[in-house]
Amino acid sequence: MLVPVIMAGGMGTRLWPVSREHYPKQFCALVGDTTMLQQTIGRLDGLDCAPPLTVCNEEHRFLAAEQLRQAGVENAPILLEPVGRNTAPAITLAALQAMAHGADPLLLVMPADHLIPDVPAFHRGVEEAKTLAQEGRLVTFGIVPTGPETGFGYIRRGEKIGETGFAVSGFEEKPDLATAKSYLKDGGYDWNSGMFVFRASVYLDAMQTHAPAILDACRAAMAGVESDAYFLRPERTAFEACPSDSIDYAVMEKTDRAAVVPLNAGWNDIGSWSAIWEAQDKDADGNALTGDVLQVASKNSIVSAQKRLVAIVGVEELVVVETADAVLVASRDAVQNVKEIVTQLRSAKRTEHMDHRRVYRPWGDYDSIDFGNRYQVKRITVKPGAKLSVQKHHHRSEHWVVVRGTAQVLKGEETITLTENQSTYIPLGEIHALENPGKIPLELIEVQSGSYLGEDDIIRLEDRYGRV
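Printed below as a string of structure tokens:
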């Protein structure tokens, strides 16, 4: 049996302002109409495999669950990392979970934020990797280079094994341009993709040999795992004690069982706005334009407009990304430095690196459409059948006006029903809750007023999503 393990952690800071800490790139639709996670799920169609095991951060659990549901995957396990500890511990947790009931499956480990347009070629590579993994190999996919790339690590091929595979002769760090050109001329090097196929027990044996401290910590964390519906929560304290390391450093560079299967399937790691430009369709002038965009005499630029009309005139090699609360303008050859903007936002204790103006919750979403001294206005959307937590606030009161659908409102000991153009007032300190009992989304305008309007002034008393 083949068990896909989808690695959906990470922040994606180089793709700000679309990728945010609480809504990172794997949950964004960056190329095409579906998100990177959903495209990864779709890539499994046609493979003989079990439902995927997704690994993500605790904070992203509802995002992952909802996007999996939209992709047709329901009630599949989602393993929640208590804290980030890099890829080796995350994969170790997944391997231990895959073997929890006595099975020993092959694992297909895939990051959730890669683009692979040629799915049949990917499937052929997986089948070859499965053959080598069944022989006890730890198989990685090497991307056949299309140019002297300095932003990737490289895998050096050794002797040929199987139909298309090779033993791994070595791993090389990101090279300078001259070295990258020599790798291309030699022909025996592939880009390191970060995708793997191996038997769970073989991987754990390698961890025992080469990184026993990581394995011990992960075993302790999984010994105390708690389940909540399809969410699996390893014991936090044990996992916090786990060393942080990548699978390459922990195992692949040390084992004598490493193998590589070259893959030529249009792979792109979508690691920067320049990479997205390369992956997108372009007009006759080389511009990749998304949203409401007009251009005059401009070339080889990428423009993404989410909320407003964006026009460019007479520019070249430019990146312009517009969202509801931030605009990025950068030279295409400097996009690797976008993460420094995120660092500045974090240092200034701002919020634009964490959340979009529109914030998603398990019950729906809210859009902060206006704010000022002692007030804030939100547009709230509640999914059919969903309910916000029973809660109260110490520092604010709220006015709710229903603009679409039906609201069932708890106010203290009273429950009332509101329909379009009806409203209610929630005094400061009042216990209250909001529910959509209908079949269509509930939309309302919320006006908050008070001395403090932060999200941490929510005291949850009951919550069907386990957030109390």
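Mapped onto the working numbering, the consecutive letters of the sequence shown carry residue numbers 882 to 1349.
We put the beta carbon where it would ideally sit given N, CA and C, even for glycine.
In three-state DSSP terms, what is GLU1197? strand
Count the CB pairs spanning the stretch 1250-1267 and the stretch 1309-1318 that are closer than 8 Å, and state whether there are at least three. yes
Would you decide whether TYR1247 is buried or exposed? Buried here means 16 or more other CB atoms lie within 10 Å of its CB. buried
Short of 6 Å in beta carbon distance, which residues of its chain neighbour GLN1257, apart from the five on each side in sequence? Order them along the chain. GLN1329, LEU1334
Could you give the first and the last residue of the continuous beta strand (DSSP E) run that contains PHE1077? 1070-1080
Quick check: what's the CA-CA separation for ALA1110 versus SER1212? 46 Å
Would VAL1284 and ILE1326 be called neighbours here (beta carbons separated by less than 8 Å)? yes
Could you tell me whether the stretch 1020-1030 touches the stretch 1059-1070, where touching means 3 or more Cβ pairs closer than 8 Å? yes
When ILE1042, ALA975, ALA1059, HIS1237 are compared against LEU1013, the one with the closest alpha-carbon: ILE1042
When you compare the stretch 1002-1011 with the stretch 958-969, are there three or more beta-carbon pairs, one atom per stretch, that lie closer than 8 Å? no
Below 8 Å on the Cβ atoms is my contact criterion, and I expect GLU1311 with LYS1273 to pass it. Report the Cβ-Cβ distance as a whole number of Å. 6 Å
Burial state of LYS906 (16 or more Cβ within 10 Å): buried
Given a cut-off of 8 Å on the beta-carbon distance, is the pair CYS860 and PRO992 in contact? The question about residue 860 has no answer, for the chain in this structure spans 882 to 1349.
Excluding the 5 residues preceding and the 5 following VAL830 in the sequence, name in chain order all residues of the same chain whose CB lies nearer than 7 Å to its CB. The requested residue 830 is not part of the displayed model; the chain covers only 882 to 1349.
Under 8 Å between C-beta atoms of ALA979 and LEU928: no
Are there three or more Cβ pairs, one per stretch, closer than 8 Å when the stretch 1091-1109 is compared with the stretch 1053-1061? no
According to DSSP, is VAL1083 helix, strand or coil? helix
Whole angstroms are fine: how far does the CA of TYR1035 sit from the CA of PRO1026? 9 Å
Out of GLU1324, SER1228, ILE1339, point me to the one whose CA is closest to GLY1286's CA. GLU1324
Since I believe ALA1140 is in contact with PHE1047 (beta carbons under 8 Å), could you give me their beta-carbon distance rounded to a whole number of angstroms? 7 Å
Helix or strand or just coil, what does DSSP make of PHE908? helix
Taking the beta strand (DSSP E) that ALA1169 belongs to, which residues open and close that run? 1169-1171
Does the pairing of the stretch 1183-1193 with the stretch 1201-1219 give three or more beta-carbon distances under 8 Å? yes
Smallest Cα separation from ALA1119: which of GLY893, ALA1169, ALA1104? ALA1104
Check this for me: beta carbons of ARG1138 and LEU1019, under 8 Å apart or not? yes
Simplified DSSP state of ARG1114, which is helix, strand or coil: strand
Enumerated in chain order, which unbroken segments of the alpha helix (DSSP H) with a length of 4 residues or greater are wholly contained in the stretch 991-1063? 1000-1015
Under three-state DSSP, which class holds GLU1121? helix
LYS1163: which of LEU988, ILE922, ILE1339, ASN1181 sits nearest, CA to CA? ASN1181
Along the chain, where does the beta strand (DSSP E) that runs through GLY1253 open and close? 1245-1253
Across the stretch 1291-1305 and the stretch 1238-1245, are there enough close Cβ pairs to call them in contact, namely three or more that are closer than 8 Å? no
Close Cβ partners of GLN1015 (< 8 Å) along its chain, the five nearest in sequence each way excluded: LEU987, ARG1080
Expressed to the nearest angstrom, what Euclidean distance is found between the alpha-carbon atoms of LEU1096 and PRO1143? 29 Å
Buried or exposed (CB count within 10 angstroms, at least 16 for buried), MET882: exposed
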